[in-house]
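Chemist: Numbering-wise (the working numbering), the sequence shown opens with residue 1276 and increments by one. Note that beta-carbon positions come from the ideal geometry of N, C-alpha and C, so glycine has one too. As the structure is a prediction and not an experimental result, all values here were calculated from the model. One structure is given below, represented as structure tokens, and several questions about it will come after.
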Amino acid sequence: EQKSTVDYIGVVQGIPICFDAKECATDRFPLANVHEHQIRFMKEFEEQDGIAFLLIYFKAKDTFMYLPYAKLDEFWRRMEEGGAKHFKYEELDPAYEISTYSGTFVHYLEQIQMDLEQRDSR
């Protein structure tokens, strides 16, 4: 059986991106919703100068969030070290909330730009 990688792999404004879309009923996102092979794939994608992220719909808050790979990796490592097997909505940067514009339901280009700017400032 072939394991899927992520939901989308493509190029936006000349930048390779990949993401997986997830949904969460509460304000706690279980890391069990992300598979280890997806984490590996996103890590390798980032190592090749791509941008990897999750788009998460928090149903209870009716909100979409952009989760950069670096933050996902931080939560994943915390879990591997015996910490929480989930992360809370409150742990996410509110600047990464995805707004809707003129019928574009999940408009994540601004968050990609913000992600790039934060990488450049490191």
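#1: Cα-Cα, which of Glu1372, Val1309, Leu1384, Phe1304 is closest to Thr1280?
#2: Quick one: grab the DSSP three-state call for Leu1306.
#3: Which residue comes first and which comes last in the alpha helix (DSSP H) that contains Asp1348?
#4: Tell me which same chain residues have a C-beta within less than 8 Å of the C-beta of Gly1325, skipping the five on either side of it?
#5: Once DSSP output is grouped into helix, strand and coil, what is the label at Leu1367?
#6: Comparing C-alpha positions only, which one of Phe1333, Lys1334, Met1317 sits nearest to Ala1327?
#7: Under 8 Å, with one C-beta from each stretch per pair, do the stretch 1382-1389 and the stretch 1355-1363 reach the 3-pair mark?
#8: Any idea what DSSP makes of Asp1324, helix, strand or coil?
Modeler: So, to answer that:
#1: Val1309
#2: helix
#3: 1344-1355
#4: Ile1290, Pro1291, Ile1292, Cys1293
#5: coil
#6: Met1317
#7: no
#8: coil
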